[in-house]
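Numbering (full-length UniProt numbering), first residue to last: 1 to 863. One structure is given below, encoded as structure tokens.
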Amino acid sequence: MSSVGIDLGNDSCVIGLAGRGGIDIILNESSNRRTPSMVSFQGKQRFMGEAALSISRSNFKNTARDLKRMVGRRWEEPELQADLARVPFSTEKHPETGGVGVRVTYNEESVLFSVEQVVAMMLNKAADIAKAANSDLSVAEAVISIPGWYTDAMRHAMLNAVQIAGLNCLRLMHESTATALAYGIYRSAKGEFSDGNARKVLFLDLGHSSFCASVVTFTQAALSVKSTCYDRNLGGRDMDWAIAQHLADDFKAKTKMDPRDSHKSMIKLLDAAERAKKTLSPIGVADTIVNIECLVEERDYNGRLTLEAFEKLIAPLVARLDAPVLQALKEAGVTVDQLDAIEIVGGATRVPLVKRHLAGLLRTDPAAINYGLSCTMNADEAVARGCALQCAILSSRFRVKDFAIVEAVPYPVRMVWDPAPSDDSDGEEAEESGNSTMVFHRNGDSPRTRRFTLKRNQPFTLKAVYDDPSLLPPGAPLEIATYRIDIPQQFKGVSPPCSVRINVRHDLNGIIQLQSAQLMEEVAEAPPAAADASAAAAAPPAAAMEVEGKEGEAKGEGKEGETAEAAAAAPASPVPAEPAKKKFKPVTLAVDAATAAWKINQVNAAVEAEASMANQDRVVKETSNKRNELEAYIYSMRDRIGSGGDLAPFTAPAEAASMSTALEQAEEWLYSDEGFDSTKSVYAGKLKDLQALGGPLEARLYESQNRDAATAELRLAADVYKRFANSQDETTAHVSDDDKDKVRANARKAEEWLFDMQAKQGALPATQDPCLRVADVKAQVEELHKTCKPIMTQPKPAPKPKEEEKKEEEKKEQAPPTEAAPTSGEPMDVNEAKEGAEGVAPMEEDKAEGGAEPMEVAADEAK
Numbered sequence: 001m002s003s004v005g006i007d008l009g010n011d012s013c014v015i016g017l018a019g020r021g022g023i024d025i026i027l028n029e030s031s032n033r034r035t036p037s038m039v040s041f042q043g044k045q046r047f048m049g050e051a052a053l054s055i056s057r058s059n060f061k062n063t064a065r066d067l068k069r070m071v072g073r074r075w076e077e078p079e080l081q082a083d084l085a086r087v088p089f090s091t092e093k094h095p096e097t098g099g100v101g102v103r104v105t106y107n108e109e110s111v112l113f114s115v116e117q118v119v120a121m122m123l124n125k126a127a128d129i130a131k132a133a134n135s136d137l138s139v140a141e142a143v144i145s146i147p148g149w150y151t152d153a154m155r156h157a158m159l160n161a162v163q164i165a166g167l168n169c170l171r172l173m174h175e176s177t178a179t180a181l182a183y184g185i186y187r188s189a190k191g192e193f194s195d196g197n198a199r200k201v202l203f204l205d206l207g208h209s210s211f212c213a214s215v216v217t218f219t220q221a222a223l224s225v226k227s228t229c230y231d232r233n234l235g236g237r238d239m240d241w242a243i244a245q246h247l248a249d250d251f252k253a254k255t256k257m258d259p260r261d262s263h264k265s266m267i268k269l270l271d272a273a274e275r276a277k278k279t280l281s282p283i284g285v286a287d288t289i290v291n292i293e294c295l296v297e298e299r300d301y302n303g304r305l306t307l308e309a310f311e312k313l314i315a316p317l318v319a320r321l322d323a324p325v326l327q328a329l330k331e332a333g334v335t336v337d338q339l340d341a342i343e344i345v346g347g348a349t350r351v352p353l354v355k356r357h358l359a360g361l362l363r364t365d366p367a368a369i370n371y372g373l374s375c376t377m378n379a380d381e382a383v384a385r386g387c388a389l390q391c392a393i394l395s396s397r398f399r400v401k402d403f404a405i406v407e408a409v410p411y412p413v414r415m416v417w418d419p420a421p422s423d424d425s426d427g428e429e430a431e432e433s434g435n436s437t438m439v440f441h442r443n444g445d446s447p448r449t450r451r452f453t454l455k456r457n458q459p460f461t462l463k464a465v466y467d468d469p470s471l472l473p474p475g476a477p478l479e480i481a482t483y484r485i486d487i488p489q490q491f492k493g494v495s496p497p498c499s500v501r502i503n504v505r506h507d508l509n510g511i512i513q514l515q516s517a518q519l520m521e522e523v524a525e526a527p528p529a530a531a532d533a534s535a536a537a538a539a540p541p542a543a544a545m546e547v548e549g550k551e552g553e554a555k556g557e558g559k560e561g562e563t564a565e566a567a568a569a570a571p572a573s574p575v576p577a578e579p580a581k582k583k584f585k586p587v588t589l590a591v592d593a594a595t596a597a598w599k600i601n602q603v604n605a606a607v608e609a610e611a612s613m614a615n616q617d618r619v620v621k622e623t624s625n626k627r628n629e630l631e632a633y634i635y636s637m638r639d640r641i642g643s644g645g646d647l648a649p650f651t652a653p654a655e656a657a658s659m660s661t662a663l664e665q666a667e668e669w670l671y672s673d674e675g676f677d678s679t680k681s682v683y684a685g686k687l688k689d690l691q692a693l694g695g696p697l698e699a700r701l702y703e704s705q706n707r708d709a710a711t712a713e714l715r716l717a718a719d720v721y722k723r724f725a726n727s728q729d730e731t732t733a734h735v736s737d738d739d740k741d742k743v744r745a746n747a748r749k750a751e752e753w754l755f756d757m758q759a760k761q762g763a764l765p766a767t768q769d770p771c772l773r774v775a776d777v778k779a780q781v782e783e784l785h786k787t788c789k790p791i792m793t794q795p796k797p798a799p800k801p802k803e804e805e806k807k808e809e810e811k812k813e814q815a816p817p818t819e820a821a822p823t824s825g826e827p828m829d830v831n832e833a834k835e836g837a838e839g840v841a842p843m844e845e846d847k848a849e850g851g852a853e854p855m856e857v858a859a860d861e862a863k
């Protein structure tokens, strides 16, 4: 199982894999580090990533792209409609989600997919790439990047796509925060930060479709996002669009034909514009040639774009960088002089004019490398690396350096309710204003839980709404969620109303959740009696100490060093009765939440549809592979049995004619309507029939090529064993003659069998199946080894060591003669020996008790 970070960009997707050695960026099937974020539908199959890119021009009507900006947005939003005007595929309002629906031709019929479904397809492709790059291990968990300006509805939509894809998403992470994490965690490990003086870094991310400026502070243990500001509609694609418009005007002036009237022509223009932008980005390039074949009606475009003209075209776009940067600094309370570093990422920051403009705005050294801006991170991969690091931090499968991440709330959120008397708030109090309260301020810390209290004795409704519409995309809904909170029957209509404690959370995904609603039920506690206090005072000292110990632990009473005896000696005095205390027991209330998240039945239906399409993709791919295998076999066998082919010497004329006829019939069927769109099992059956004819021919070739080597191996083995059997060397002297005869007989038997079969094989033509097969020869070799090798490898008997013989002789010489020793004719008296042993037993026991045992114990202790 693997842990990955997925940077799902508007134009491309980058995948980071967390491993023991750090973060690796995964290569796709085309060995590219960036995978196009597009999905194409053709026939009965879906194509994602590189496969979709290869057919996107010819199949542009059925190729979905720029999906990131469409997720979770209402159909009526002006920014969304502006984006849809640029895409070449068909879109319409989805009847179920109210957002964008993608209309494509799939399975020979018109199908409408929600954007969430198409994004799920791309996420599945990313998971497949990660699986293929990690020894076919499935993705266990992932962290997916999103722009920080995503609304609650867009975040829910992305989570819907994650559910459809079947991924275990640990969190949705802001792109700017992921970049900051990738920047900070390694520097923290090197000790570059300090806890006393936080390092302030400004991150500028100019990507394909949006721009972000974020101020982040770093210490050794944490990063904290102080502010983040955006231009949602400023990116590298806008530069491409400006160049494309310039080229279209030039082409129209020359030919009186407007390429903007055709989606296919615009795709060609945008591709050429992107290439021109990349060509003019390196320092020292002054101009570039732009050539586009068959731009409109077989008319080519040939032109030239200078760096000066390019910078003039994008100057209005670059000027829009100022507002987010200055606003981010203002909201963070940081001046340019207080910044410790300015880090730029994103592919569009490679444009020289962008760097020069930012350097002038932030007053960096124009003579320095990159105009004084820091480019220490990979502009295209920083977000994916940060997401993979966050996945490793959140995963239980990795041990990562402790590094806290404090996110910033992107939009202020207010809770609104129907007005009622005696509403108040407590806990982490928020600003109240009539029938609402501010729960989360812009740029406040996240994740975080806020609490407020209302007085209610009837069911009521809460709404979470955005407090500042100017920060949202135009037309985006202000309402985030609606919560209907029920009151149990026994508390309805009571006076005074009960306190209802509401806990609202801004979670790790940046989504607003009503975490809990609890009614505080009052429970009265009876006052303690004076008689009980007197009885407690008259209790035994041990009991008094126990009670006092517990009371002191709970309430913090009692003096330090006071003993039980002193407490017992103290005179008993009456304890005055305390007034009854108010206690509250929380009662969890039922909450009916209406959010932007899909209902479970919608998710299940989408999951089933995705599984069905994935299975169909698999079947179509396997069918295509089997069809290609059949086609390749037809062409290969035709060449091999023909004149000069390697199978021609082993093919009889009748077999060649039969095989040629079968191949011709199979080819005609393969290119017929039936064969073009058949099933995998039919292709497999046709291939099996042809292999039944060609198999014997290939077997003859195999036998001819490998027979000599097999027979040489058998002859060599027989010679080795015969030499062993006939050897009279000292090395074989320990082997008995019977065993040598057995080895000799088996070796001769194998040779005789081989000579006989070679004679028979020599009489057969090459076009006939052989009688001497390689498998039979190898079986003879194995049998010969099985019977002869154990005999040949018999070990010599081990000689008696000379040192042991000398020791035994010395012992015999040193042993003194004894008169009590029995003679050779007299057996030893066993009874006398036993008595003698018993006679010394007491003395031996005394010695053991007095001296031996302590030594043994001491020895054991020493051990």
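Beta carbons: idealized from backbone N, C-alpha and C, even for Gly.
Along the chain, where does the beta strand (DSSP E) that runs through Q45 open and close? That run of the beta strand (DSSP E) goes 45-48.
Bridge partners for T217 per DSSP, in chain order? As computed with DSSP, T217 is found in a beta bridge with K200, S224.
In three-state terms, what does DSSP make of R86? In this structure, R86 counts as coil in the three-state DSSP scheme.
Output the distance between the C-alpha atoms of S2 and K463, rounded to the nearest integer angstrom. Answer to the nearest angstrom: the Cα atoms are 39 Å apart.
Got a sec, what are the start and stop residues for the alpha helix (DSSP H) V14 sits in? DSSP places V14 outside any alpha helix (DSSP H); the residue lies instead in the beta strand (DSSP E), whose first and last residues are 12-19.
Identity of the residue in D340, K264, N601 nearest F193 by Cα: The shortest Cα separation from F193 among D340, K264, N601 belongs to D340.
So is C391 buried or exposed if we call it buried at 16+ other beta carbons inside 10 Å? Under a 10 Å Cβ-count criterion, C391 is classified as buried, with 16 or more other Cβ atoms of the shown protein chains found around its own Cβ.
V285 to V354 span [Cα, whole Å]: Between the C-alpha atoms of V285 and V354 there is a straight-line separation of about 16 Å.
Using the Cβ count rule (16 or more neighbours within 10 Å means buried), how would you classify Y671? That one is exposed.
What does the alpha-carbon distance come out to for the pair D250 and E381? Our two residues, D250 and E381, have alpha carbons roughly 36 Å apart in a direct line.
Using the beta-carbon count (16 or more within 10 Å), is R505 buried or exposed? With 16 or more Cβ atoms within 10 Å of its Cβ, R505 is classed as buried.
Contacts around A554, its chain only, beta-carbon distance under 6 Å, and the 5 residues preceding and following it disregarded: At A554 the pLDDT is 34, less than 50, meaning the model places this residue with poor confidence and gives no usable figure here.
Taking just the CA atoms, how far does R34 sit from P459? If I take the Cα positions, the gap works out to 53 Å.
Taking the straight line between their C-alpha atoms, what separation do you get for G235 and A178? When the Cα atoms are used, G235 and A178 turn out to be separated by approximately 19 Å.
Near A763, what residues of its chain come up, given a Cβ to Cβ distance below 8 Å and the 5 sequence neighbours on each side ignored? Excluding positions up to five away in sequence, the list is empty.
State the beta-bridge partners of T461 as determined by DSSP. In the DSSP output, where bridge partners are listed per residue, T461 has R484.
Rounded to whole angstroms, what's the CA-CA distance from Q245 to A379? Just pull it up for me. Taking C-alpha positions only, Q245 is separated from A379 by approximately 27 Å.
Let me know the secondary structure DSSP gives E674 once reduced to three states. Helix.
Alpha helix (DSSP H) runs contained entirely in the segment 236-324, provided each spans 4 or more residues: Secondary structure within the segment 236-324: the alpha helix (DSSP H) runs of 4 or more consecutive residues, fully enclosed, are 236-255, 263-280, 307-319 (chain order).
Name the one or two DSSP bridge partners that P586 has. Answer is M520, bridged to P586.
When you compare each of L170, G347, Q728 to T208 by their alpha carbons, which one comes out closest? Looking at the sequence provided, one finds His at residue 208 rather than Thr. G347 is the residue among L170, G347, Q728 whose C-alpha sits nearest the C-alpha of H208.
Secondary structure of G9, DSSP reduced to three states: Coil, per DSSP.
Tell me whether A530 is buried or exposed, calling it buried when 16 or more other Cβ atoms sit within 10 Å of its Cβ. Legend: pLDDT at A530 = 47, less than 50; position of this residue unreliable, no value from coordinates given.
Which partner residues does Y183 have in the DSSP bridge list? Looking at the DSSP assignment, Y183 forms no beta bridge with any residue, so it has no partner.
If you draw a straight line from the alpha carbon of E116 to that of N509, how long is it in whole angstroms? E116 and N509: Cα-Cα distance of roughly 17 Å.
State whether the segment 437-449 contacts the segment 408-422, with contact taken as three or more CB pairs (one from each stretch) at a distance under 8 Å. The segment 437-449 vs the segment 408-422: in contact.
Residue interval of the beta strand (DSSP E) (run including V102): 100-106 is the span of the beta strand (DSSP E), which, as asked, contains V102.
With DSSP run on the structure shown, which of helix, strand or coil describes D445? If DSSP states are grouped into helix, strand and coil, D445 belongs with the strands.
Compute the beta-carbon to beta-carbon distance between A596 and D152, rounded to the nearest angstrom, for a pair I have assumed lies under 8 Å. Contact between A596 and D152 is confirmed by a C-beta separation of about 6 Å, below the 8 Å threshold.
Pull up the distance between the alpha-carbon of A133 and that of G16, whole angstroms please. Each residue's alpha carbon lies about 11 Å from the other.
Closest to L202 by CA distance: which of I314, P324, V87, M122 is it? Nearest to L202 by alpha-carbon distance, out of I314, P324, V87, M122, is P324.
Which residue from E175, G9, T97, H94 puts its Cα closest to that of A126? Taking only the C-alpha atoms, the option nearest A126 is G9.
Would you call C771 buried or exposed, if buried means 16 or more other Cβ atoms sit within 10 Å of its Cβ? Answer is exposed; the Cβ neighbour count stays below 16.
Can you give the Cα-Cα distance for V4 and M173, rounded to whole angstroms? Going from the Cα of V4 to the Cα of M173 covers about 13 Å.
Taking Cβ to Cβ, would you say L687 is nearer than 9 Å to K621? No. Outside cutoff.
List in chain order: all unbroken alpha helix (DSSP H) runs of 4+ residues lying wholly within the segment 94-171. Counting only runs that start and end inside the segment 94-171, the alpha helix (DSSP H) elements of at least 4 residues fall at 115-133, 152-165.
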